[in-house]
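Asks: If you read the sequence shown in this note's numbering, its first letter stands for residue 276, the second for the next number, and so on.
No residue lacks a Cβ here, since even glycine has one placed at the ideal position from N, Cα and C.
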Amino acid sequence: KSEQISSKEILKAATLKNDTTRKVVGFLLLMLSIIFLIGFTSYFFTWQTDQSLLSDGGAGYDGDVKIKPANAMGTIGFSLASFFVEHGFGFAAFALIPYLVFAGLYLLFDYRPFSLLRILLHTILFAIWFSLFLGYCFQIWYPMLGGTFGYFGIIQIQESIGSIGAFLFLAAYAVVYSFV
Numbered sequence: 276k277s278e279q280i281s282s283k284e285i286l287k288a289a290t291l292k293n294d295t296t297r298k299v300v301g302f303l304l305l306m307l308s309i310i311f312l313i314g315f316t317s318y319f320f321t322w323q324t325d326q327s328l329l330s331d332g333g334a335g336y337d338g339d340v341k342i343k344p345a346n347a348m349g350t351i352g353f354s355l356a357s358f359f360v361e362h363g364f365g366f367a368a369f370a371l372i373p374y375l376v377f378a379g380l381y382l383l384f385d386y387r388p389f390s391l392l393r394i395l396l397h398t399i400l401f402a403i404w405f406s407l408f409l410g411y412c413f414q415i416w417y418p419m420l421g422g423t424f425g426y427f428g429i430i431q432i433q434e435s436i437g438s439i440g441a442f443l444f445l446a447a448y449a450v451v452y453s454f455v
C-alpha cells in the first residue's frame with residue numbers, strides 16, 4: 276500500500292516548516308556558498324580563458340567534453356561567476372556569500388546570531404555601493420571589478436551629475452549607509 280502525501284504536508288515542506296526540508300535547504304545553501312566562493316575567486320584568474328565560451332551567449336559551449344572551462348568549479352562555476360561578477364555586481368558579488376552562509380546555518384542548525392532580514396538588507400545596500408565605488412575607481416583600468424552594474428551605473432550617475440557629483444553621491448551613500 277502506498278501512502279499519499281497530503282497537501283498540508285506539501286505546504287509544510289514548501290514553507291520550510293518541515294524540519295527535514297529546512298536541514299536539506301540549509302545544507303544546500305552552505306554548499307552553494309562554497310561553490311560561489313570557489314567559482315568567483317577562480318573567475319578573477321580564469322575569466323579571459325572562459326570568456327571565449329560565453330562570447331556568443333553560451334552557444335559555443337554545447338556540453339562537449341573537449342571544451343573545458345578553466346574555472347575551478349567548471350561550467351557551473353564560470354556560468355554563475357559570469358552572471359554575478361561580470362554581468363552583476365563585480366567584486367561586490369562576494370557580499371552574497373556571507374548571507375548564504377548565515378541563511379544556511381540558520382536553516383541547518385537553527386543558528387541565528389543576527390536577523391536574516393537585516394543581513395539581507397546590508398548585503399544588498401553594500402553590494403550596490405561597493406559595485407558603484409569600484410566602477411568609479413577602476414572605470415578606466417579594470418572595469419570588471421565593478422561589474423556591469425557598477426560600470427554602467429556610475430557612467431549613468433556621472434552623465435547626470437558629473438564626476439564630482441558622482442564622488443559626492445558615493446560619499447553620501449557611505450555616510451547614510453553607516454547609520455543604517
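Under the three-state reduction of DSSP, which class applies to Pro418: helix, strand or coil?
Replies: Helix, per DSSP.
Asks: Between the segment 384-397 and the segment 426-442, do three or more beta carbon pairs fall short of 8 angstroms?
Replies: No, they do not touch.
Asks: So, with DSSP's three-state summary, where would you put Arg387?
Replies: Three-state DSSP puts Arg387 in coil, outside helix and strand.
Asks: For Leu382, which of Trp416, Val299, Phe315, Ser308 has the nearest alpha-carbon?
Replies: The shortest Cα separation from Leu382 among Trp416, Val299, Phe315, Ser308 belongs to Val299.
Asks: So the alpha helix (DSSP H) Ile351 belongs to, where does it begin and stop?
Replies: First-last of the alpha helix (DSSP H) with Ile351: 349-356.
Asks: Looking only at its own chain, which residues have a Cβ that is under 6 angstroms from the Cβ of Ala367, when we skip the five neighbours before and after it?
Replies: Same-chain partners within the cutoff: Ala402, Phe405, Ser406.
Asks: Which whole-angstrom value describes the C-beta separation of Ile365 and Gly422, a residue pair presumed to lie in contact below a C-beta threshold of 8 angstroms?
Replies: Reading off the sequence shown, one finds Gly at residue 365, where the question assumed Ile. Rounded, the Cβ-Cβ distance is 3 angstroms, consistent with contact.
Asks: Determine the closest residue to Asp385 out of Phe358, Lys292, Lys283, Ile351, with distance taken between C-alpha atoms.
Replies: Comparing Cα positions, the closest option is Lys292.
Asks: Considering only their Cβ atoms, is the gap separating Val360 from Trp322 smaller than 9 angstroms?
Replies: Yes. Within cutoff.
Asks: Is it buried or exposed for Gly437, if we count other Cβ within 10 angstroms and need 16 for buried?
Replies: Exposed is the call here.
Asks: Looking only at its own chain, which residues have a Cβ that is under 6 angstroms from the Cβ of Gly425, when we skip the five neighbours before and after it?
Replies: Only Gly365, Ser406, Leu407, Leu409, Gly410 meet the Cβ criterion.
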